[in-house]
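Asker: In my numbering, the protein residues as written are 118 to 256. Structure incoming, see below.
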Amino acid sequence: MDRLGSRCPLPGSTRPSIFICLLILTASLLTYPVLRTLSLQFLSVLTGSYVSGTYSIVFVNCPNEQIARDVARAILDKKLAASVNILPKASSLYYWNGEIEEATEVLLLIKTKTSKIHMLSSYISVHGVAELGRTERLN
């Protein structure tokens, strides 16, 4: 009798195993993005290599060097970037009101994590100077 009871599952015993399988599957699907990010960062630390898509460069044009320095300091104070390069006297050609215009601007090269670009762009548009142009990024 003992053998028969150990071989045959009880009538309601399949439901908990299906529930557990569904629970594990759901947990795996929900944690996949986090686990992928952590594994890529771990690989990057171990090998010292760059993982594509984790860092970006954002370009911002400023009308003068003082505004560029103020914006750069504010971005660094808020920890929205790792570093900011200020490139003075960049010549810009662009269309404005149907005509080609030329201006001298100061270019900011902002090095940041890709995950912080949305916050950085929002911060520049809200706290920046009205003369600041569009922000462009490279991955």
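From the three backbone atoms N, C-alpha and C, an ideal C-beta is built for every residue, glycine too. Predicted model, so just to flag it, every value in this text is computed and none were measured.
Taking DSSP's pairing of strands, which residues face Thr221 in a bridge?
Answerer: DSSP output for Thr221 lists Ser208 as bridge partner(s).
Asker: Report yes or no: do three or more beta-carbon pairs, one from the stretch 238–245 and one from the stretch 186–205, lie closer than 8 Å?
Answerer: Result yes; three or more Cβ-Cβ pairs closer than 8 Å.
Asker: Alpha carbon to alpha carbon, how far is Ser209 from Gly215? Give it in angstroms, no decimals.
Answerer: 16 Å
Asker: So what does Ile203 bridge to, in DSSP terms?
Answerer: Under DSSP, Ile203 forms a beta bridge with Leu225.
Asker: Exposed or buried, which one is Ala198 when buried takes at least 16 other CB atoms within 10 Å?
Answerer: buried
Asker: Could you spell out the range, first to last residue, of the beta strand (DSSP E) harbouring Ser173?
Answerer: Here the beta strand (DSSP E) through Ser173 covers 172–179.
Asker: Find out if the Cβ-Cβ distance for the pair Lys206, Tyr172 is shorter than 9 Å.
Answerer: no
Asker: Taking Glu222 and Asn178 to be in contact with their CB atoms under 8 Å, please state how far apart those CB atoms are, rounded to whole angstroms.
Answerer: 4 Å
Asker: Leu160 to Tyr212, Cα distance in whole Å?
Answerer: C-alpha separation (whole angstroms): 45 Å.
Asker: With DSSP as the reference, label Lys195 as helix, strand or coil.
Answerer: Here Lys195 sits in coil by DSSP.
Asker: Between the C-alpha atoms of Ser145 and Leu157, what's the straight-line distance to the nearest angstrom?
Answerer: Distance between the alpha carbons of Ser145 and Leu157 is about 17 Å.
Asker: Over the uninterrupted alpha helix (DSSP H) stretch that includes Ser242, give me the two end residues.
Answerer: 234–244
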